[in-house]
Amino acid sequence: MKLLMKTTLAAAFLLAGPVMAGDPAAGESKSQTCVACHGEGGNSTLPMNPKLAGQYASYLEHALRSYRDGGRKNAIMAAQAAALSDEDIADLAAYFAAQSSEMFVVPKK
Ligand code: HEC
C-alpha cells in the first residue's frame, strides 16, 4: 500500500510537468523597460506604480499572466505584458521577487 502511494505520488509529480522556475539574471536583463515605471530593482517611488521588489514570484507571475490574457484589466500593463512569453514572465517574476523591498522609501510628490 505504501509503495503504491509512493508510486502514485511520483507519477503525479511527473505528470504535472516541470515547474517553470524563472532565471533572475535573465529577468534582470528583460526588466529594462519595467524599471522606468516600477523603479530600480522594482522599488517604485511613484505611488501610481506598485512596488514589485520582494513580492512573491507566484503573485507577480499571476499578475503578469492576467494582464497578458485579459483577466486583469489595465491598459498600461496589458501593453507591457502583451509580448511576454511564459518564460519571460517567470524570469521577470524571479528577478523582482529576489530584490529586497525598501519599504520606507518616501514617495515623490
Ligand atoms: C508605463 C509604466 C509601466 C511600465 C513600463 C511597466 N509597468 Fe507594471 N504597472 C504599471 C502600473 C500603473 C501598474 C498598476 C496597474 C493596475 O492598477 O493594475 C502596474 C502593475 C504591475 C504589476 C502588478 C503589481 C501588483 O502589485 O499587483 C506587475 C507584476 C507589473 N506591473 C510588472 C511589470 C513588468 C514586469 C514590467 C516590464 C515588462 C512592467 N510592469 C512595466 C506601470 C508600468
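In our numbering, the protein residues as written are 265 to 373.
Yeah, the Cβ is synthetic: ideal placement off N, Cα and C, and Gly gets one too.
- Residue state for Leu316 is assigned as coil, using DSSP reduced to three classes.
- By the CB criterion at 8 angstroms, Phe360 and Leu310 fall outside the cutoff.
- Counting along the chain, the unbroken alpha helix (DSSP H) around Thr297 starts and ends at 296-302.
- Separation of Gln363 and Gly306 (C-alpha to C-alpha, rounded to the nearest whole angstrom) is 7 angstroms.
- In terms of Cα proximity to Asp333, the closest of Glu366, Ala321, Ser349 is Ser349.
- For Ala361, the enclosing alpha helix (DSSP H) has its first and last residue at 350-361.
- The closest heavy atom of ligand 1 lies less than 7 angstroms from the beta carbon of Arg336.
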